[in-house]
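Trainee: For what it's worth, this note's numbering labels the leading residue of the sequence shown as 9, then goes sequentially.
Note that beta-carbon positions come from the ideal geometry of N, C-alpha and C, so glycine has one too.
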Amino acid sequence: MTFFQKISQLLNTEKKIHFNHTPKGYEGFLLKKIFEQNTSILYIARDDSSLNSFKNTMRFYAPNVPLLLFRGPDTVPYDRTSPKASLTAERTETLFVLSERLKTSTPVFVATSPQAFLQRIPPPSFFQGRSLFLKKEETFSYSELQNFLHQEGYRRVEVVHEPGEFAIRGGILDLFTPSLSTPVRLDFFGDHLQTLHPFDPLTQLKNNASLSELKITPSHEILLDETSIRLFRTQYREYFGASATEDALYKAITEKRLYPGYEQWMPLFFDRMNNLWDYLKNPLLAFEFQATESLHATEESIQDHYETRRQDVTQKTPKHSFSETEVYRPLPPQLLYASPSEVQDLLKSSKTLQFTPFQASQETDLDAGGKLYDWSSLRSKIKAGVLKETTLFEEISKTISTHLQKKQSPLILVGYSPSSLQRLSHLLKEHFSFSFKEISTLTEIDPSDENTLYGSILPLEQGFETPFLSFITEQDILGERLIRAPKVNRKAADQILEEISSFRTGDLLVHVHHGIGRYEGLLTLDINGNKHDCLALSYDGGDKLFVPVENMDILSRFGSEGSVHLLDKLGSAQWQARKARVKKRLKDIAEKLMAIAAKRALETAPSLEVPSSLYEEFCNGFPFVETDDQLRVCKEVIEDLSKTIPMDRLVCGDVGFGKTEIALRAAFIAATAGKQVSLVAPTTLLARQHFKTFEDRFKHTNLKVVELSRLVPSKQAKENRAALEKGEAQILISTHAAFSKSLTFKDLGLLIIDEEQHFGVSQKDKLKEKYPPLHILTLTATPIPRTLQMSLSGVRDLSLITTPPVDRMAVKTFVMPFDGVTIREALLREHFRGGQSFYVAPRVEDLVPLKTQLSKLVPELKILCAHGQLTPNALEAVMAAFYDKKCDVLLATNIIESGLDVASANTLIIHKADYFGLSQLYQLRGRVGRSKVRGYAYLTYSPGKLITENAKRRLTVLETLDTLGVGFSIASHDMDIRGAGNLVGEEQSGHIKEVGIELYQHLLKEAIEALKSGDEASFREDTASAQVSYEGAVMIPETYVSDLSLRLSLYKRLSNLRDDGEIKIFADELMDRFGQIPKPVQNLLDVVGLKRLAEKAGLEKVDLGPKGVVLTFYKNIFKNPVGLVDLLNKSSGTLKLRPDHKLFFVKGWTHQKNRLQDVRNLLMMLGELSQKEGV
């Protein structure tokens, strides 16, 4: 009898089955075989992480099996926050599909987690029949469709990003139904559905695919209709009494409003509730190893949370709440979850299957034949020197070679990413030859090809062999690593950011010609009978300035949110004087940058070659998977070191983005080439962190790493200095000690500076003078704005790391009113898993009362405070205590925004999060979620406080960006408030305050580019910003784009478009997203097109009047007067030069379209003439 026949026999005869010798990752293969025998399966994973791994391995084993996931909510039991909308939509879709399958005999395969398995859910009848089927070219009531979406729990938004959302713009309806992986754009003409196109939620652009039909399924497990609201009100009063009608939850549901965390009262909306197993007909309950223990732990956790909430309500002064916290009345656990006795009854009556990697002793056990490869003991013996004549690669290579020679089951090499898979196969090929083929599913294996080693990307941590197939994993070979985040569209992510970062009323804006004013809002003005959208700015003395939207490119933000600065006075000379001063200083800075670059080009340095095999093995010690950015920067550094010109590269990336690994690899190359390396850090604590990292990575080499800082005893420091002088130590990690006159290196070849703004330029120059052919690598977490990135090329070598290296589990972000129970739960959960927490407040004065409150809330935990008013030594002592795990919670202001990488700190709570800017929130959240454990961020605001729409948008955008998989630093965006950093070591903040951060960056960019092109005069002069007067309305009407913030961001993007090609792409996007372009929008696009051509022609104004077109040159000067005279002579009288030096253009136009094209042609001719200056 074959193995699979034995499985069939056991399934037919036994109720309780154990599969022993089943390593993690093998379950999917066996369950696939069982499912093929027409058996419904309900698989219970140990936790959410295991559930995700199971999903991915099932895709490999059985790509055609329709596996349904039913995840638990991403909240704790009795939470005050709602699960993420995308998760709720996914759960609802699973329940809908299962309810429809109940009507058939088709087997189903569902995978779930313990909390979801126990959770009460609506009965199948609630979902049955709740779908809508639409076909292209058919008629369906547009208004009825909108009513259906509201009724089925879809949320109306301005821009669709997540499942369960829809947006309406005229006859266009964007919809993200949970049954599809991308949203769909429906184009109606009246009630006639013309087209159905999937579109990208990032770019909002539809792809070339077209759908012929669409099935719209429910998006929420609770419907707020009259029946459910009536049931809720009745049952809430029955459980909690008549006085409970004053509760905020009761009032919100009565008014048909969503309330945070209302899902915790789901049973009150229904007559009866069911569980997940009620949705399957006689399923086989299959439990991952230790899943039953997880079930028991979940039951205990639910009871604990309930007791905490219940005590909170019964005590008159709640122990875990601040006084203003809204009352929370919990339902008994048996209403929300299956009771332990129910679960026991289910397990007794159902057919169950338990997986275990060990040998069990039941008669009904079946040996699955799986066996883990145990490389760890072999690795330990090699490291300890017990096995001296071999390496781990050689042993693994022997195993693979023997396996392939014996023509056993297919062998699959498992990597976490394509690059790591390629490197693994490359390393193994150095030990023996074999053919290699990458596959994505098991079906791609050729049974007749027994000599091939296959490769695949799978979340398997440990390899194993079975009678049917075997795996060797990256972790087997290289040790533990982390899985990288998915790739994302960076450009599209920036676009989303622009759309939520538009100007807000009250912002300080800088007008390039008139200076600093306050933005008062977007107004529609009537200009000569034509409507025109303008931005209103107020200036000192109450003067007003109206800037047409197409001229938004001459406006920039002054600085960060909440900036305070005196307004300029319109017509005053002060602004021009300030701007001229800054321009002069910027020219000096740009010249200094150019001089440094020119000097470096003349210097020589030794070429440092990469020792290939040793370098590969050193790289394999990196416990993460490199991102594309990291690999690119490593390649750039290797190329720099191999040249005979000294390297001077600036690597810019947020803390934790992998800059240290680049420093490690550069240090390895330099040290193995016989050169010494010095890494300089700004604080003793960062130096100690770097020292530990370097010491750990270099311990298997013959290279010695030493440290010099206040933390090093004087005797040890003396020995370290002597070792460096003699060349016995190759790598120094230090603070400012590296610049000491008493320190001498035998042969210093590479200087690595961490955060160069903390060191003076003179210090760096002294080292360069002392060791002339010095390679310099600088690391910084201060963002380089995008406006400067391109212009710096060729002046300073710049490498950007914009994507985080690890996001195995994205940071779970919750936006919620402050709730003592949730905060206590979050802090204790982190403590009990061996971690630490950050608690951040916006102001120093918030810290003392917060510490008092937190001490009562979590008396079990030790809390320390950190803020910028502490002395440097005191602050460093607090940070050192936190880093060394001598306290549990660091209560701080936003000084933690950048700095130490504390891997053990994975919970962040932000007090009054609505006081922080978007960039700050993103940076703060970047402090957690850096290791292999889940990171949590709680963005809290005061209960009962009405926060502004803009603040709410800032808080919730972090969740939206996460669900889109956008792993990029908001801080590196143009809107960044921290500026360009000290690019040449100069203090720039005074000049930035003179003109504002964005204009400062723009002017610095212009200065550098002017010097590079040799056209210094153009920088001294203000460049023309042409104005175009146009007949007809010039605007984006509210009827076309209703959301003001989105309208402003579109204006901003449009004002930055540089040519006809970009304008055409933008117009296509508008038509795609919002429908047929109305006349006022077309006029706006035409005006921007004319404006760009006018600027290239050196024009200040283009006035399209009823009798003709008047063109005004900038300062009444045209660069090519000879060419202009020639053009006038050839114009047959249609073009005249007036006495006031303005051009007048007139023809017998019968249609505005013809006039527009003629004006465009004339502007292009003038632009060409202008480029031929003086010809």
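For A874, does the three-state DSSP call read helix, strand or coil?
Mentor: Mapped onto the sequence shown, residue 874 falls at position 866. Strand.
Trainee: Measuring CA to CA, which of D55, I420, F295, K726 is closest to L361?
Mentor: As a working note, residue 361 is residue 353 in the sequence shown. When each option's Cα is compared against that of L361, the closest is F295.
Trainee: Could you check the C-alpha separation between T1047 and G178 for me, to the nearest Å?
Mentor: Residue mapping note: residue 1047 aligns to position 1039 of the sequence shown, counting from 1. Residue mapping note: residue 178 aligns to position 170 of the sequence shown, counting from 1. Their Cα atoms are separated by approximately 8 Å.
Trainee: Give the secondary structure of I741 by DSSP, where H, G and I count as helix, E and B as strand, and everything else as coil.
Mentor: Residue 741 sits at position 733 when you count from the first residue of the sequence shown. In the structure shown, I741 sits in a strand (DSSP, three-state: E or B).
Trainee: Unbroken beta strand (DSSP E) runs of length 3 or more, entirely within the segment 137-204: which are they?
Mentor: 140-143, 173-177, 180-183, 192-197
Trainee: If you compare alpha carbons, which of R673, Y1122, R729 is closest to F702?
Mentor: On the sequence shown, position 694 is the one that residue 702 refers to. Checking every option, the nearest Cα to that of F702 belongs to R673.
Trainee: According to the Cβ coordinates, are V1118 and F1152 closer than 8 Å?
Mentor: As a first step, residue 1118 is located in the sequence shown; it is residue number 1110 there, counting from the start. As a first step, residue 1152 is located in the sequence shown; it is residue number 1144 there, counting from the start. Result yes, Cβ atoms of V1118 and F1152 sit closer than 8 Å.
Trainee: Candidates N559, T692, L785, A900: which alpha carbon is nearest N881's?
Mentor: On the sequence shown, residue 881 is found 873 positions in, with the first residue counted as 1. The residue with the shortest Cα to Cα distance from N881 is T692.
Trainee: For the 8 Å Cβ check, are there 3 or more pairs between the segment 243-256 and the segment 91-101?
Mentor: no
Trainee: If you draw a straight line from the C-alpha of T680 to the C-alpha of K778, how long is it?
Mentor: Within the sequence shown, residue 680 is the residue found at index 672, counting from 1. Within the sequence shown, residue 778 is the residue found at index 770, counting from 1. For T680 and K778, the distance between alpha carbons rounds to 22 Å.
Trainee: Pop quiz: K144 and T203 are said to be a contact at Cβ under 8 Å. What is the actual Cβ separation, rounded to whole angstroms?
Mentor: Here residue 144 refers to the residue found at position 136 of the sequence shown. Here residue 203 refers to the residue found at position 195 of the sequence shown. Correct: roughly 7 Å between the Cβ atoms.
Trainee: Please give me, in chain order, every unbroken run of the beta strand (DSSP E) with length at least 3 that falls completely inside the segment 1023-1107.
Mentor: 1035-1037
Trainee: Measuring alpha carbon to alpha carbon, tell me which of V688, S218, D1166, L1174 ends up nearest G1106.
Mentor: Locating residue 1106 in the sequence shown gives position 1098, counting from the first residue. When each option's Cα is compared against that of G1106, the closest is L1174.
Trainee: Give the secondary structure of H1159 by DSSP, where H, G and I count as helix, E and B as strand, and everything else as coil.
Mentor: Within the sequence shown, residue 1159 is the residue found at index 1151, counting from 1. Coil at H1159, not helix or strand.
Trainee: Identify the continuous alpha helix (DSSP H) that holds Q697 and give its terminal residues.
Mentor: As a position in the sequence shown, residue 697 is number 689, starting the count at 1. From DSSP, the alpha helix (DSSP H) with Q697 extends over 692-706.
Trainee: By how many angstroms is the C-alpha of A689 removed from the C-alpha of G934?
Mentor: Along the sequence shown, one-based indexing puts residue 934 at 926. Along the sequence shown, one-based indexing puts residue 689 at 681. Roughly 21 Å separates the two Cα atoms.
Trainee: Identify which residue in D534, D576, L563 has its Cα closest to the Cα of G549.
Mentor: By one-based count along the sequence shown, residue 549 stands at place 541. It is D576 whose Cα lies nearest to the Cα of G549.
Trainee: Between the alpha carbons of T788 and I741, how many angstroms are there, rounded?
Mentor: Indexing the sequence shown from 1 puts residue 788 at position 780. Indexing the sequence shown from 1 puts residue 741 at position 733. About 17 Å.
Trainee: Taking DSSP as the reference, what is the three-state secondary structure of F676?
Mentor: Residue numbering aside, residue 676 sits at position 668 when the sequence shown is read from its first letter. DSSP places F676 within a helical segment (H, G or I) once states are collapsed to three.
Trainee: Please report the Cβ distance between V167 and L1056, rounded to the nearest whole angstrom; I am assuming they are in contact, meaning their Cβ atoms lie under 8 Å.
Mentor: Mapped onto the sequence shown, residue 167 falls at position 159. Mapped onto the sequence shown, residue 1056 falls at position 1048. Rounded, the Cβ-Cβ distance is 14 Å, inconsistent with contact.
Trainee: Hey, out of E446, T474, L355, P340, whose CA is closest to G377's CA?
Mentor: Within the sequence shown, numbered from 1, the residue matching residue 377 stands at position 369. Per the Cα distances, T474.
Trainee: Using only the alpha-carbon positions, how far apart do E452 and S405 sit?
Mentor: The residue you call residue 452 lines up with position 444 of the sequence shown. The residue you call residue 405 lines up with position 397 of the sequence shown. E452 and S405: Cα-Cα distance of roughly 24 Å.
Trainee: Could you check what DSSP says for T1120 in three-state terms: helix, strand or coil?
Mentor: Residue numbering aside, residue 1120 sits at position 1112 when the sequence shown is read from its first letter. In this structure, T1120 counts as strand in the three-state DSSP scheme.
Trainee: Mind checking L18: buried by the 16 CB within 10 Å criterion, or exposed?
Mentor: The residue you call residue 18 lines up with position 10 of the sequence shown. It is buried - the Cβ of L18 has at least 16 other Cβ atoms within 10 Å.
Trainee: Is DSSP giving L263 helix, strand or coil here?
Mentor: Numbered from 1 along the sequence shown, position 255 holds the residue referred to as residue 263. The sequence given here has Glu at residue 263, not Leu. Residue state, collapsed to three classes: coil.
Trainee: Taking its Cβ as the centre, do 16 or more other Cβ atoms sit within 10 Å of K415, making it buried, or is it exposed?
Mentor: Here the question's residue 415 lines up with position 407 in the sequence shown. It is exposed - the Cβ of K415 has fewer than 16 other Cβ atoms within 10 Å.
Trainee: When you compare each of E763, L862, S478 to T30 by their alpha carbons, which one comes out closest?
Mentor: Taking the sequence shown and counting its residues from 1, the one referred to as residue 30 is at position 22. Of E763, L862, S478, the residue nearest in Cα terms is S478.
Trainee: Can you grab the Cα-Cα spacing for the pair E1108 / I739, in whole Å?
Mentor: Working through the sequence shown from its first residue, we reach residue 1108 at position 1100. Working through the sequence shown from its first residue, we reach residue 739 at position 731. Cα-Cα distance, rounded: 60 Å.
Trainee: Counting pairs of Cβ atoms below 8 Å between the segment 907-918 and the segment 883-898, do you hit three or more?
Mentor: yes
Trainee: By how many angstroms is the C-alpha of D515 removed from the C-alpha of E254?
Mentor: Locating residue 254 in the sequence shown gives position 246, counting from the first residue. Locating residue 515 in the sequence shown gives position 507, counting from the first residue. The straight-line gap from Cα to Cα measures roughly 39 Å.
Trainee: Just the C-alpha distance for G269 and I237, rounded to the nearest angstrom, thanks.
Mentor: Translated into positions along the sequence shown, residue 269 becomes position 261. Translated into positions along the sequence shown, residue 237 becomes position 229. Cα atoms of G269 and I237: separation of roughly 16 Å, rounded to the nearest angstrom.
Trainee: To the nearest angstrom, how far is it from the Cα of Y1209 to the Cα of E308?
Mentor: Only positions 9 to 1183 of the chain appear in the structure, and residue 1209 is not among them; the question remains open.
Trainee: Look up S251 in the DSSP assignment and say whether it is helix, strand or coil.
Mentor: For this step, residue 251 is matched to residue 243 along the sequence shown. Helix, per DSSP.
Trainee: Give the DSSP-derived three-state secondary structure of G925 in the structure shown.
Mentor: Stepping through the sequence shown from its first residue, residue 925 is reached at position 917. Reduced to three states, the DSSP call for G925 is coil.
Trainee: Quick one: grab the DSSP three-state call for I408.
Mentor: Translated into the one-based positions of the sequence shown, residue 408 becomes position 400. In the structure shown, I408 sits in a helix (DSSP, three-state: H, G or I).
Trainee: For I677, which of N710, E625, P619 has the nearest alpha-carbon?
Mentor: By one-based count along the sequence shown, residue 677 stands at place 669. Residue P619 is the option with its Cα nearest to I677.
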